[in-house]
Amino acid sequence: QRLGCGADGAAEVKRHPFFGTINFKRLEAGIMTPSFVPDPRAVYCKDVLDIEQFSTVKGVNLDQTDSDFYAKFATGSVPIPWQNEMIETECFKDLNVFGPSGTRSPDLDWRQLPEPPKRSL
Numbered sequence: 001q002r003l004g005c006g007a008d009g010a011a012e013v014k015r016h017p018f019f020g021t022i023n024f025k026r027l028e029a030g031i032m033t034p035s036f037v038p039d040p041r042a043v044y045c046k047d048v049l050d051i052e053q054f055s056t057v058k059g060v061n062l063d064q065t066d067s068d069f070y071a072k073f074a075t076g077s078v079p080i081p082w083q084n085e086m087i088e089t090e091c092f093k094d095l096n097v098f099g100p101s102g103t104r105s106p107d108l109d110w111r112q113l114p115e116p117p118k119r120s121l
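Quick note: the sequence shown uses full-length UniProt numbering, first residue 1, plus one each step.
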């Protein structure tokens, strides 16, 4: 029942009129600038009830010391120039296999049963 986790995945959310003016392909490729980029170290809720069971800490305030500390960690995010190079050179094109009309390929569809293992003699 979680938003974006239905049969259509994120496509259902992307079709909502609120997101009607966003070109998601250009956004995901890093060609256009998002209207909002959240700070990964900021807490955007006023009360712990806003985030239910994710945290039990109230009144979290991050200062420059925290920013310096977290800046030392690799976040796993990939720089945009590198992403653009990967897109332009199509080095992972063979991994982009989709089913009809951009759907998941059959081997990635969790609703289908896997093939039984082959038995050897």
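A virtual CB, placed ideally from N, CA and C, is assigned to each residue, including glycine.
Can you grab the Cα-Cα spacing for the pair residue i / residue j, in whole Å?
| i | j | result |
| --- | --- | --- |
| S35 | R15 | 18 Å |
| S120 | W82 | 45 Å |
| F24 | D8 | 16 Å |
| G102 | T65 | 45 Å |
| R104 | I22 | 22 Å |
| C91 | N84 | 11 Å |
Quick check on residue i: does DSSP put it in helix, strand or coil?
| i | result |
| --- | --- |
| R26 | helix |
| Q64 | helix |
| S35 | coil |
| G102 | helix |
| P116 | coil |
| T56 | Residue placement at T56 is poorly supported in this model, since its pLDDT is 49, which falls under 50; the coordinates are not used for a value here. |
| K72 | coil |
| D107 | helix |
| P40 | coil |
| F19 | helix |
| L95 | helix |
Which residues bound the alpha helix (DSSP H) around residue i?
| i | result |
| --- | --- |
| Q83 | I80 to T89 |
| A11 | A10 to K14 |
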